[in-house]
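Enquirer: One structure, pasted below without further comment.
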Amino acid sequence: MTDSFSSSTPDMFAPRYSELATFMRAPVASDLRQIDIGMLGIPYDGALTNRPGARHGPREVRNQSSLMRTINHATRVNPYELCRIADVGDVRFRSVFDIEETHREITEFVSALARHAVIPLSCGGDHSVTLPILRAIASQPVALIHVDAHTDTWDCFQGSKFNHGAPFRRAHEEGLIDPEKTIQIGIRGAQNDSEGWDYSEQAGMRVVFVEELRERGINSVVEETCAIVGVSPVYFSFDIDSIDPAFAPGTGTPEIAGLATHEALALIRGVRGLNYVGADMVEVSPPFDVGGLTSLTGASVMYELLCILAEAVSQRRPHRC
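In this text, residue positions in the sequence shown follow the numbering used here: the first is 253, and each later residue adds one.
What follows is the structure, encoded as structure tokens:
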């Protein structure tokens, strides 16, 4: 990277099929000292337990994100007016057949952002990548908003304790998240063992199964989420399989009866104003997608996350935006 940096406002007037495929058509970062939010790709799926393909997620989400625009029609937030935003590229891997070494490389990449006070918004990749991100940014236990079909608090699978079904168990064990300020939303799907659900609840995490979400409604769950998180630094992790496979078929572990896309967006918009320190959107698997639908959904989710991150950054550091 050099000391120069171009405008953080995407060129929305260029043809959408032109230019480099970056997240939201944002400029490629040339200097971490001059950005507030860095969008990054984590093309890794070596910790999956079943259907592979999430390594291709960042590239396809970048492609579909060319359809995003600047102003959020529901909140009227324009993140590019609030903050300096750029695509900081992909984590570069040298040991993709070694899960723990790959996680170390992710932590190293995100730590470089943290040293420059750049808030990460990442696109995976399988859900194991959230653990090394938290290692990079959680100097103290952070609150967690986790939207997913699964709690991801299971333990070992086929001899590995760093599989994509275990990141939040490991994060809890390592003191990276505060279980009393953690809420897991949209959980569903039959299991052969209740271990993950039990672990979350026994640790003190709030687990909202999708049936409860439907019975209470989005607004009620949003109110509870904000009460749980309070003013604590909070990380938002969004697994695309939280959305029903009718809307997002391209994922490794689909579960029917999930969130509709409008429910997912309403949930993200509802938790505006919190003290965000980062976010991710994971598990988009293009080989199982239909017509780019899941990648488009993933890009739309990332845009909504970008809006709430930009608001948080601008509230904390108005002199930088």
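Every residue, glycine too, gets a C-beta built ideally from N, C-alpha and C.
Which of the three DSSP states, helix, strand or coil, is assigned to I480?
Expert: helix
Enquirer: Helix, strand or coil for M533 per DSSP?
Expert: In the three-state reduction of the DSSP assignment, M533 falls in the strand class, which pools E and B.
Enquirer: With H, G and I counted as helix, E and B as strand and the rest as coil, what does DSSP make of T254?
Expert: Confidence is the limiting factor: at T254 the pLDDT is only 40, short of 50, which leaves the residue's position unreliable, though a coordinate-based value still follows. The answer is coil: DSSP assigns T254 none of H, G, I, E or B.
Enquirer: Do the segment 293-305 and the segment 363-377 make contact, defined as three or more Cβ pairs closer than 8 Å?
Expert: yes
Enquirer: Mapping the DSSP letters down to three states, classify P267 as helix, strand or coil.
Expert: coil
Enquirer: Is the beta carbon of R336 closer than 9 Å to that of I389?
Expert: Not a contact, by the Cβ cut-off of 9 Å.
Enquirer: State buried or exposed for P384, treating a residue as buried only when at least 16 other CB atoms are found within 10 Å of its CB.
Expert: buried
Enquirer: So F540 and G482 are supposed to be a Cβ contact under 8 Å. How far apart are they, rounded?
Expert: Actually they do not touch by this definition, with Cβ atoms about 38 Å apart.
Enquirer: Can you list, in chain order, the stretches of the beta strand (DSSP E) that have 3 or more residues and sit fully within the segment 353-396?
Expert: 371-376
Enquirer: Note down, one range per segment and in chain order, each alpha helix (DSSP H) of at least 4 residues found wholly within the segment 258-335.
Expert: As for any alpha helix (DSSP H) of minimum length 4 sitting wholly inside the segment 258-335, the runs are 309-316 and 331-334, ordered along the chain.
Enquirer: Take the Cβ of S256 as the centre, count every other Cβ of all protein chains shown within 10 Å, and call the residue buried at 16 or more, exposed below.
Expert: Its pLDDT being 42, under 50, S256 is placed unreliably in this model, and the coordinates cannot settle the point.
Enquirer: Contact defined as beta carbons within less than 8 Å: I believe P431 pairs with G456. What is the distance between those atoms, to the nearest angstrom?
Expert: 4 Å
Enquirer: Under the assumption that G525 contacts E475 (Cβ atoms under 8 Å), give the Cβ distance between them as a whole number of angstroms.
Expert: That pair is no contact at about 12 Å.
Enquirer: Name, in chain order, the residues that DSSP records as bridge partners for H398.
Expert: Q436 and S489.
Enquirer: Go to F420, then tell me how far its alpha helix (DSSP H) extends in each direction, as first and last residue.
Expert: P419 to E425
Enquirer: Using a Cβ-Cβ cutoff of less than 7 Å, which residues in the same chain neighbour Y451 once the five nearest sequence positions on both sides are dropped?
Expert: Cβ within range, chain order: T405 and R421.
Enquirer: At what residues does the beta strand (DSSP E) containing I520 begin and finish?
Expert: Premise fails: I520 lies in the alpha helix (DSSP H), T513 to G522, not in any beta strand (DSSP E).
Enquirer: Using the C-alpha atoms, what's the distance from V370 back to R568?
Expert: Roughly 13 Å separates the two Cα atoms.
Enquirer: Classify C573 as helix, strand or coil using the three-state DSSP reduction.
Expert: Note that C573 scores a pLDDT of 36, beneath 50, so its modelled location is shaky and nothing firm can be said.
Enquirer: In the DSSP assignment, what are the bridge partners of A562?
Expert: Its beta-bridge partners do not exist; DSSP assigns none.
Enquirer: So is I323 buried or exposed if we call it buried at 16+ other beta carbons inside 10 Å?
Expert: Exposed, by the Cβ-count rule.
Enquirer: Give the DSSP-derived three-state secondary structure of E403 in the structure shown.
Expert: In the sequence as displayed, the identity of residue 403 is Thr instead of Glu. In the structure shown, T403 sits in coil (DSSP, three-state: anything other than H, G, I, E or B).
Enquirer: Quick check on the burial criterion: 16 or more other C-beta atoms within 10 angstroms. Buried or exposed for Y269?
Expert: exposed
Enquirer: Can you tell me whether V459 is buried or exposed, with buried defined as 16 or more other CB within 10 angstroms of its CB?
Expert: Counting other Cβ atoms within 10 Å of its Cβ, V459 reaches 16 or more and is therefore classed as buried.
Enquirer: So for S412, helix, strand or coil by DSSP?
Expert: strand
Enquirer: Please list, in chain order, all residues of the same chain as V553 whose beta carbon is under 6 Å from its beta carbon, the five residues on each side excluded.
Expert: F490 and M533
Enquirer: Can you have a look at R307 and say buried or exposed, based on whether 16 or more other CB atoms are within 10 angstroms of its CB?
Expert: Buried.
Enquirer: Exposed or buried, C559, counting other C-beta atoms within 10 Å across all chains shown (16 or more means buried)?
Expert: buried
Enquirer: Relative to the C-alpha of S317, which candidate in N415, V473, L548 and F488 has its C-alpha closest?
Expert: L548
Enquirer: What's the gap between the Cα of M276 and the Cα of D400?
Expert: So the two alpha carbons sit approximately 23 Å from each other.
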